[in-house]
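> Okay, here's the structure, questions in a sec.
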Amino acid sequence: MDILKLRVTDEGVAILQLNRPEAKNALNLALRQELAEKFDELSSNKAVKAIVLTGGEKVFAAGADVNDFLTATTREMYLRHTEAYWKSISDCKKPIIAAVNGYALGGGCELAMHADIIIANEDTKFGQPEVRLGLMPGAGGTQRLLRAIGKYKTMLWVLSGKLFNAKEASEMGLVSEVVSGDATIHALEVAKTIAGFSTISVEQIKEVTLLGQDMALDGALALERKALQILFDTKDQKEGVSAFLEKRTPNYQGE
Ligand code: CO8
53 MDILKLRVTD EGVAILQLNR PEAKNALNLA LRQELAEKFD ELSSNKAVKA IVLTGGEKVF
113 AAGADVNDFL TATTREMYLR HTEAYWKSIS DCKKPIIAAV NGYALGGGCE LAMHADIIIA
173 NEDTKFGQPE VRLGLMPGAG GTQRLLRAIG KYKTMLWVLS GKLFNAKEAS EMGLVSEVVS
233 GDATIHALEV AKTIAGFSTI SVEQIKEVTL LGQDMALDGA LALERKALQI LFDTKDQKEG
293 VSAFLEKRTP NYQGE
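Quick note on the working numbering: the sequence shown kicks off at 53 and runs consecutively.
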């Protein structure tokens with residue numbers, strides 16, 4: 053059985069599905085390595101314009117696989133260098149939409165936070181419960197959450213290990229949209245819309261938004277301005293504006 057399933061639609065949307073239902077999609081080392089390999093591949097695949105990351109209809113991911121932690125020593129944890137796996141996801145140039153149904157806990161919540169857009173079913177539960185296991189988040193749970201929802205909500209999540217529903221997470225700013233029914237179906241619609249745009253403009257928007265969040269405002273605004281100026285040298289920019297003026301659908305080539 054494939055622990056990670058990949059399908060690419062005719063519109064250029066890649067659907068990556070975690071597939072360890074017997075372990076609530078817990079992220080063991082093999083799954084993390086496969087995720088990294090697939091993200092490296094998709095990032096440079098010209099046919100792929102957006103990525104939907106899902107755990108299926110029942111659960112997103114219940115965290116790291118705790119079996120990998122039972123006897124691990126500091127040296128073993130260091131030598132695993134799992135930060136390289138996560139970097140493949142955070143370095144991905146294509147927009148990533150996490151479609152979250154069921155639980156997104158610990159490393160599962162951190163995986164969702166590697167996405168650019170999070171769409172969650174209303175019954176989803178998010179949380180960073182590592183503290184309950186004598187652990188702490190280790191793949192951005194303290195830092196990405198801090199940047200998404202601020203210090204005081206983050207402290208409540210990471211120190212209490214409490215779980216939060218999709219509506220609460222959305223009100224705090226972690227979730228982009230809460231939907232009833234399967235979040236993957238809605239995520240696919242959003243991904244399809246994005247896939248219809250110019251790949252260059254989409255990639256520039258993602259890059260500038262992510263880089264800008266940790267920069268001082270003046271530098272970030274300059275970066276945004278320069279990225280916009282770069283787009284004026286693309287065929288897609290001319291096509292987009294011409295199509296609008298000629299009242300027709302643009303035909304973007306990613307050039
Ligand atoms: N690791 C390994 N196995 C798991 C995990 C997990 N994280 N979560 C669930 N499973 C297994 C269970 O052991 C069980 O296996 P079995 O059938 O053989 O007994 C099976 O999945 C089904 O689970 P439950 O019977 O517990 O199902 P419930 O519906 O009753 O509960 C929960 C679902 C609430 C998700 C519950 O399973 C749970 O609380 N899981 C653990 C959640 C957790 O503590 N997550 C944090 C893990 S630590 C972590 O993520 C550290 C991150 C550090 C860096 C990032 C690395 C990726």
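Beta carbons: idealized from backbone N, C-alpha and C, even for Gly.
Looking at C-alpha atoms only, which residue of N77, K98 and I103 is the closest neighbour of L54?
As a first step, residue 54 is located in the sequence shown; it is residue number 2 there, counting from the start. According to the sequence displayed, residue 54 carries Asp and not Leu. Minimum Cα-Cα distance from D54 among the listed residues N77, K98 and I103 corresponds to N77.
> Figure out for me which residue from G192, A113 and D168 has the closest Cα to the Cα of K145.
Numbered from its first residue, the sequence shown carries residue 145 at position 93. Of G192, A113 and D168, the smallest CA-CA separation from K145 is found for D168.
> Tell me the DSSP secondary structure of R59 in three-state form.
Residue mapping note: residue 59 aligns to position 7 of the sequence shown, counting from 1. Note: R59 maps to strand in three-state DSSP.
> Let me know the secondary structure DSSP gives F296 once reduced to three states.
For the purposes of this step, residue 296 is identified with residue 244 of the sequence shown, where counting begins at 1. Three-state result, F296: helix.
> Using a threshold of 7 Å, is the CB atom of R196 nearer than that to any non-hydrogen atom of the ligand CO8?
Here residue 196 corresponds to residue number 144 of the sequence shown, with the count starting at 1. Answer for R196: no, Cβ out of range of the ligand CO8.
> Answer yes or no: the CB of N153 versus the heavy atoms of the ligand CO8, is any distance below 7 Å?
Translated into the one-based positions of the sequence shown, residue 153 becomes position 101. The answer is no for N153.
> Could you pull out every unbroken alpha helix (DSSP H) segment of at least 4 residues lying fully inside the segment 246-284, listed in chain order?
Every alpha helix (DSSP H) stretch that sits fully inside the segment 246-284 and reaches 4 residues is listed by chain position as 251-264 and 269-283.
> Look up A78 in the DSSP assignment and say whether it is helix, strand or coil.
Locating residue 78 in the sequence shown gives position 26, where the first residue counts as 1. Three-state result, A78: coil.
> Which residue from A218, V293 and A136 puts its Cα closest to that of V227?
Here the question's residue 227 lines up with position 175 in the sequence shown. Ranking the options by Cα distance to V227, first place goes to A218.
> Check the C-beta distance from L316 over to L83 and give it rounded, since I have them as a contact under 8 Å.
Residue numbering for the chain in the displayed model covers 53 to 307; residue 316 lies beyond these limits and cannot be assessed.
> Which of the three DSSP states, helix, strand or coil, is assigned to A191?
Stepping through the sequence shown from its first residue, residue 191 is reached at position 139. Three-state result, A191: coil.
> Pick out the complete beta strand (DSSP E) segments inside the segment 162-244, 3 residues or longer, and give them in chain order.
List check, beta strand (DSSP E) in window: 169-173, 177-179, 215-217 and 229-231.
> If we count the other Cβ atoms within 10 Å of its Cβ and call it buried at 16 or more, is H133 buried or exposed?
On the sequence shown, position 81 is the one that residue 133 refers to. H133 comes out exposed.
> Look at the alpha carbon of I148 and the alpha carbon of I170, and state the distance between them as a whole number of angstroms.
As a first step, residue 148 must be located in the sequence shown, where it is residue number 96. As a first step, residue 170 must be located in the sequence shown, where it is residue number 118. If you take the alpha carbons of I148 and I170, they lie about 9 Å apart.
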